[in-house]
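Working notes, beginning with the structure itself.
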Amino acid sequence: MDNTELHLLVTDIVAKELLVNARDINPTTHLVHYGLNSIHAITLAGELTRKLQINIDFSTLINLRNIKEIVVFIDETLNKKSLPGLAINSQYEIEPLVPPVEEQIALLADLNLYFCESDGLPASVIQIEGQSQLNFSSYNYLGFAHDNDIINASIKALKTYGTSASASRVAGGQKTIHRELEQAIARFLNVESALIFNSGHATNVTTIGHLMQADDLILLDELSHNSLIQGAQLSGAQLKFFNHNNVDSLRNLLSDFCHQFNKTLVVTEGIFSMDGDIAPLDKYVALKNEFPFFLYVDEAHSLGVLGQKGAGIGEHYSINRSDVDLWMGTLSKAMASCGGYIAGNHQLINYLKYTSPGSVFSCGLSPADTAAALASFEKLQQNPDRVQQLRDLSNYLIQQLNEQAIEVKSNLGSPIIPIIIGDEEMTIHICKELRKKNIYLQAIIPPVIAANQSRLRVFINHAHTYKDIDFLVKALASILVLA
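Anchor point for the sequence shown: position 272 equals 931 in the working numbering, and the numbering is continuous, going up by one each time.
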C-alpha cells in the first residue's frame, strides 16, 4: 500500500467514525474540529488496528492531531515491521459490534479520574466514594440544585403528576406544568414562544438536524459542543468551521459560501464550556446586515450567568431578541434540572412542536424535572443578586490565580475557569494530588481538547465561599511548586 492509498484509507475510516464527508476533511486540521472525542479515539484506534494489522493504541492516537500525523505514524510503523501487502481484505466479513478497544478503555479506567461516584446533594462539598471533597466540578451555578424550595417543588409535582409524563406530549403526555414552564422561559427571555425537550444534547441534535437540509450551509465555531456538531452532521448540510470567536473568519466564510446554498445557519455558544470565554454575539448580529443567514445561540452555560438578571448573553450585550433566530438553552446547569429548550418566534416554535423528532417521538420531560426548572426560573427572578454574587466569586478566583502566576483562560464574569497546564501527564498528576487534599477538580485532556492544552476546569457556583477559593488556590500553588 503506497502513501496515497494509506491516506485515503485513513481518511475514509475517520470520516465514517465522525460522520463527515471524507472530502471535507483537511489532512492538517485537528480532528477535534470535526467532532473527535475520547470515545471516537478509542473506536478509531481499534478500527485502524484491525484494518492494518498493526497495534495502534488509544494512548498513541490521542497524541496524533490530524490525518497527516496518523498517516506518517502508520507509514513509519509499517516500514519498521516491513509488512508488505497490507491491502484491505476484499472478502466480505462481519465486523464486530464492539471494536477491540478493551486495552484502551482500561487505560482510561486506570487513571481513576472518571465516573467517580458521589453521594448527597450537589453543593460546594460533596461525598466522593465516601470522602468529603470540595466540589469544583459541577455546574450548579446558582446553587438551585440543592435548594429546599426547588426540591419541594419537585416533590409536589411528583405527588401531582407522578414520576413520568408516560407518553410523548403530542400523544397524551402533555402536562399543565409543561406549558407553564415554556411560558416562563418565553417571558424571561422576552421572546414569543419556547419549546422544552428532555435532553439538552438532544435539543441541539434534533433542532439543527430537523431544520437544515443537504442543500444548506452550517457554520460552527471550531470549539462547538459535540451536540451542535452531531446536529449539523445529522442534517446532511455542508458543514464548515470558523476560527474560535473570530468575526473576520466567520465573515470570510459567509462571503465565500453563503450565496451558494439555500439557507445558512451560523451557530455559536454563549459561554464556551471548555474555555469559559464569551462569544462576540453583538458582532455576529451585526453581520446580519451584510449577509443573509439565520443565527442560533446555545446558552447552556450563559443562562443564569450573564446579564444583570441572568437572562444570558442576549441581556449581556443588550441584543434585540428578534435578531437571534433560535435561542437554545439547557435546564441542567443554572436551572437545576434536566432537559433543554428552543425559544424564538411563535411560527418557528410551533413548527418544531408539531414536527421535531426529538419532541414528537420522545416522552415529555418528567414532572419533577419540569417543576424544578420552573421553580428555578421563579427563584432567579426573585433573587437576581445571586448572579452578581456568582460573578464576584468567579472574578475573585481569576484574580487570586493571576497573583500566583497560574495561567487561566477565561473571561471575567464567567464561572468556567480553565487552568491551563499543557502537559497531559502533569495535568493528571495535579488532579490526583488535589484529590488527596480533598478537592474534586476534573482534568480535561486530549482528545477532548487539543494537544498541549490539557487543563483543570473549575466550575464556580453560588454555594462556594471566598474561603473555599483561597483553599483551592493555596493547594494548587503548593502542588505546582513541587511539580
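For each residue, glycine too, the CB sits at the ideal point set by N, CA and C.
For this session: Output yes or no for whether 8 Å exceeds the beta carbon distance between residue 1119 and residue 1076.
Result: On the sequence shown, position 460 is the one that residue 1119 refers to. On the sequence shown, position 417 is the one that residue 1076 refers to. Contact annotation: residue 1119 and residue 1076 have beta-carbon atoms nearer than 8 Å.
Problem set entry | Cβ neighbours of residue 837 in the same chain (closer than 7 Å, five flanking residues each side left out) | The count along the sequence shown starts at 1 and reaches residue 837 at position 178. Counting only Cβ-Cβ distances below 7 Å, and skipping sequence neighbours, we find 828, 855, 1023, 1024, 1029.
Problem set entry | Three-state secondary structure assigned by DSSP to residue 922 | The sequence position of residue 922 within the sequence shown is 263, counting from 1. Coil at residue 922, not helix or strand.
Problem set entry | Distance CB(residue 1098)-CB(residue 803) smaller than 8 Å | Indexing the sequence shown from 1 puts residue 1098 at position 439. Indexing the sequence shown from 1 puts residue 803 at position 144. Not in contact: residue 1098 and residue 803 (Cβ atoms no closer than 8 Å).
Exercise. For residue 1096, does the three-state DSSP call read helix, strand or coil?
Worked result: The sequence position of residue 1096 within the sequence shown is 437, counting from 1. DSSP places residue 1096 outside both helix and strand once states are collapsed to three, so it counts as coil.
Exercise. Mapping DSSP to helix, strand and coil, what is residue 1054?
Worked result: For the purposes of this step, residue 1054 is taken as the residue at position 395 of the sequence shown. Three-state result, residue 1054: helix.
Exercise. So is residue 757 buried or exposed if we call it buried at 16+ other beta carbons inside 10 Å?
Worked result: Sequence index remark: in the sequence shown, residue 757 carries index 98 (1-based). Result: exposed.
For this session: Starting from residue 852, follow the beta strand (DSSP E) in both directions and report where the run begins and ends.
Result: Taking the first residue of the sequence shown as 1, we reach residue 852 at position 193. Where residue 852 is concerned, the enclosing beta strand (DSSP E) stretches over 852-856.
Exercise. According to the neighbour-count rule (16 or more other Cβ atoms, all chains shown, within 10 Å of its Cβ), is residue 1122 buried or exposed?
Worked result: For this step, residue 1122 is matched to residue 463 along the sequence shown. Residue 1122 is buried by the Cβ-count criterion.
For this session: Determine the direct distance from the alpha carbon of residue 825 to that of residue 779, and round the result to whole angstroms.
Result: Counted from its first residue, the sequence shown places residue 779 at position 120. Counted from its first residue, the sequence shown places residue 825 at position 166. Distance between the alpha carbons of residue 779 and residue 825: 28 Å.
Exercise. If you count every other CB in all the chains shown that lies within 10 Å of the CB of residue 1106, and 16 or more means buried, which is it?
Worked result: Within the sequence shown, numbered from 1, the residue matching residue 1106 stands at position 447. Its Cβ being crowded by 16 or more others within 10 Å, residue 1106 is buried.
Exercise. Can you give the Cα-Cα distance for residue 812 and residue 1040, rounded to whole angstroms?
Worked result: As a first step, residue 812 is located in the sequence shown; it is residue number 153 there, counting from the start. As a first step, residue 1040 is located in the sequence shown; it is residue number 381 there, counting from the start. Rounded to the nearest angstrom, the two C-alpha atoms are 16 Å apart.
For this session: Can you have a look at residue 742 and say buried or exposed, based on whether 16 or more other CB atoms are within 10 angstroms of its CB?
Result: Within the sequence shown, numbered from 1, the residue matching residue 742 stands at position 83. Confidence is the limiting factor: at residue 742 the pLDDT is only 45, short of 50, which leaves the residue's position unreliable and the question unanswerable from this model.
Exercise. When we look at the beta-carbon of residue 900 and count the other beta-carbons within 10 Å, is it buried (16 or more) or exposed?
Worked result: If you number the sequence shown from 1, residue 900 lands on position 241. Using a 10 angstroms sphere on the CB of residue 900, the tally of other CB atoms reaches 16 or more, which defines it as buried.
For this session: Taking the CB atoms as reference points, tell me whether residue 880 and residue 903 lie closer together than 8 Å.
Result: Your numbering for residue 880 matches position 221 in the sequence shown. Your numbering for residue 903 matches position 244 in the sequence shown. Yes; because the gap between Cβ atoms is below 8 Å, this pair is in contact.
Exercise. Using DSSP with H/G/I as helix, E/B as strand and the rest coil, what is residue 808?
Worked result: Along the sequence shown, one-based indexing puts residue 808 at 149. The answer is helix: DSSP assigns residue 808 an H, G or I state.
Exercise. From 884, 974, 677, 1130, pick the residue whose C-alpha is nearest to that of residue 706; which is it?
Worked result: Taking the sequence shown and counting its residues from 1, one reaches residue 706 at position 47. With distances taken between Cα atoms, residue 706 lies closest to 677.
Exercise. Applying the criterion that 16 or more other CB atoms from any shown protein chain within 10 Å of the CB defines a buried residue, is residue 818 buried or exposed?
Worked result: One-based indexing of the sequence shown puts residue 818 at position 159. Label assigned to residue 818: exposed.
Exercise. Taking C-beta to C-beta, are residue 866 and residue 954 nearer than 8 Å?
Worked result: Within the sequence shown, numbered from 1, the residue matching residue 866 stands at position 207. Within the sequence shown, numbered from 1, the residue matching residue 954 stands at position 295. Contact flag unset, no.
For this session: Would you mind working out which of 1092, 940, 917 sits nearest residue 772, comparing C-alpha positions?
Result: One-based indexing of the sequence shown puts residue 772 at position 113. Nearest of 1092, 940, 917 to residue 772, Cα basis: 1092.
For this session: Pair every Cβ in the stretch 834-853 with every Cβ in the stretch 1002-1011, then say whether three or more of these pairs are closer than 8 Å.
Result: Verdict: yes, contact present.
Exercise. Are at least three pairs of beta-carbons, each pair with one atom in the stretch 931-950 and one in the stretch 872-887, less than 8 Å apart?
Worked result: Yes, since at least three Cβ pairs between the stretch 931-950 and the stretch 872-887 fall closer than 8 Å, the two stretches touch.
Exercise. Since residue 1013 is in the alpha helix (DSSP H), which residue starts that stretch and which ends it?
Worked result: Stepping through the sequence shown from its first residue, residue 1013 is reached at position 354. First-last of the alpha helix (DSSP H) with residue 1013: 1005-1014.
Problem set entry | Three-way DSSP call (helix, strand, coil) for residue 967 in this model | Working through the sequence shown from its first residue, we reach residue 967 at position 308. Correct three-state label for residue 967: coil.
Exercise. So, are the CB atoms of residue 874 and residue 920 less than 8 Å apart?
Worked result: Within the sequence shown, numbered from 1, the residue matching residue 874 stands at position 215. Within the sequence shown, numbered from 1, the residue matching residue 920 stands at position 261. Judged by beta-carbon spacing, residue 920 lies within the 8 Å limit of residue 874, meaning their Cβ atoms are closer than that value.
For this session: Report buried or exposed for residue 897, applying the criterion of at least 16 other Cβ atoms within 10 angstroms of its Cβ.
Result: Residue numbering aside, residue 897 sits at position 238 when the sequence shown is read from its first letter. When all chains shown are included, residue 897 counts as buried.
For this session: Can you tell me which of 685, 978, 962 puts its alpha carbon nearest to the alpha carbon of residue 971?
Result: Here residue 971 corresponds to residue number 312 of the sequence shown, with the count starting at 1. When each option's Cα is compared against that of residue 971, the closest is 962.
Exercise. Where do the ends of the alpha helix (DSSP H) carrying residue 943 lie?
Worked result: Taking the sequence shown and counting its residues from 1, the one referred to as residue 943 is at position 284. Residue 943 -> alpha helix (DSSP H) spans 940-946.
Exercise. Helix or strand or just coil, what does DSSP make of residue 798?
Worked result: The count along the sequence shown starts at 1 and reaches residue 798 at position 139. Three-state DSSP puts residue 798 in coil, outside helix and strand.
For this session: On the DSSP bridge assignment, give the partners of residue 842 in chain order.
Result: Residue numbering aside, residue 842 sits at position 183 when the sequence shown is read from its first letter. DSSP output for residue 842 lists no bridge partner at all.
For this session: Consult DSSP for residue 927 and reduce its assignment to one of helix, strand or coil.
Result: Along the sequence shown, read from residue 1 onward, the residue named residue 927 stands at position 268. In the three-state DSSP reduction, residue 927 falls in the strand class (E or B).
Exercise. Residue 913: buried (16+ other C-beta within 10 angstroms of its C-beta) or exposed?
Worked result: Counting from one through the sequence shown, the residue named residue 913 turns up at place 254. Classification for residue 913: buried.
Exercise. Can you list, in chain order, the residues of its chain whose CB lies under 6 Å from that of residue 673, leaving out five sequence neighbours each side?
Worked result: Taking the first residue of the sequence shown as 1, we reach residue 673 at position 14. Here the set comprises nothing.
Exercise. Helix, strand or coil for residue 1108 per DSSP?
Worked result: As a first step, residue 1108 must be located in the sequence shown, where it is residue number 449. Reduced to three states, the DSSP call for residue 1108 is coil.
Exercise. In the structure shown, what three-state DSSP assignment does residue 687 receive?
Worked result: Sequence index remark: in the sequence shown, residue 687 carries index 28 (1-based). Residue state, collapsed to three classes: coil.
Exercise. Under a three-way DSSP split, which group does residue 1043 fall into?
Worked result: Taking the sequence shown and counting its residues from 1, the one referred to as residue 1043 is at position 384. When secondary structure is reduced to three states using DSSP, residue 1043 falls in the coil class, being assigned neither helix nor strand.
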